[in-house]
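K.L.:
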Amino acid sequence: MQKTIIDRLKRVHLFADLADRDIKKIAQITHIRTYEPGETVFYQGEPGAGMYIIESGMVSIVLDLADEDRLKLTDLEEGDFFGELALLDESPRSAEAIAQTPCTLIGFFRPDLLNLLERIPRLGAHLVLELSRIVSARLRNSNDEVQQLKIQLLRRDSKETS
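37 is the number that full-length UniProt numbering gives to position 37 of the sequence shown; each next residue is one higher, with no gaps.
(1) Using only the alpha-carbon positions, how far apart do Ile22 and Leu123 sit?
(2) As an exercise, report each continuous beta strand (DSSP E) stretch of at least 3 residues that is fully enclosed by the stretch 23-56, in chain order.
(3) Provide the residue span of the beta strand (DSSP E) that contains Thr104, from first to last.
(4) If distances are taken between C-alpha atoms only, which option among Pro92, Leu154, Lys25 and Arg138 comes closest to Arg119?
(5) Ignore the nearest five residues each way along the sequence and tell me which others in Ala95's own chain have a CB closer than 7 Å to its CB.
(6) Taking 8 Å as the limit between beta carbons, can you name the residues of its chain near Leu117, skipping five residues before and five after?
(7) What first and last residue would you give for the beta strand (DSSP E) that runs through Val12?
(8) For Thr4, I'd like the list of residues in its chain whose CB is within less than 8 Å of its CB, leaving aside the five on either flank, ordered along the chain.
(9) Compare the Cα-Cα distances from Phe81 to each of Ile106, Tyr35 and Leu149 and report the closest residue.
(10) When DSSP labels each residue in this structure, what does Ala99 get in the three-state scheme?
(11) Use the C-beta contact count for Ile98: other C-beta atoms within 10 angstroms, 16 or more gives buried, fewer gives exposed.
(12) From the DSSP output, in three-state form, read off residue 163 for me.
(13) DSSP three-state label for Ile61, please.
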């Protein structure tokens, strides 16, 4: 399984440009988790502990709305990762992650990252910087989507009032 984890980590953007020796160090501190269809990986609102990389299977990211409705935000598959904000802080999860099929996930958790920062500062700092880049790119994309939605709403509202 260790070889599979190393191969998977090499294909994840966060770890892609690391040397093999560094990937092996990361693989040693990851955690394998398995989930059955319908099983919750984490709940919206609970403290974040770390990120997950999908080794196999499919996970849905779902938002619980105030009126007890649920909104599926996305489906993620093999090689995708989610929950990465929890590596930076322990803020509550912004959505729920639910296994849609039998899943094997590779967990990388905040305490392990903090330990890595102490033991191998160069590697830990590299991961934090790369993680910041990924989060920044996702935030920019989200901002663009919000801007487009606002424009659509303004256009719709102006047509309705005309």
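Even for Gly, the Cβ is constructed at its ideal location relative to N, Cα and C.
P.N.:
Taking the geometry as given:
(1) Before going on, a small fix: residue 22 reads as Asp here, not Ile. Cα-Cα distance, rounded: 7 Å.
(2) 31-35, 40-42 and 50-56
(3) Cys103 to Phe109
(4) Lys25
(5) Gln44, Ile61, Val62, Leu63 and Leu73
(6) Gly124, Ala125 and Val128
(7) Run containing Val12: none; DSSP gives neither H nor E here.
(8) Glu55
(9) Ile106
(10) strand
(11) buried
(12) Residue 163 lies beyond the range of the chain shown here (1 to 162); nothing can be said about it.
(13) strand
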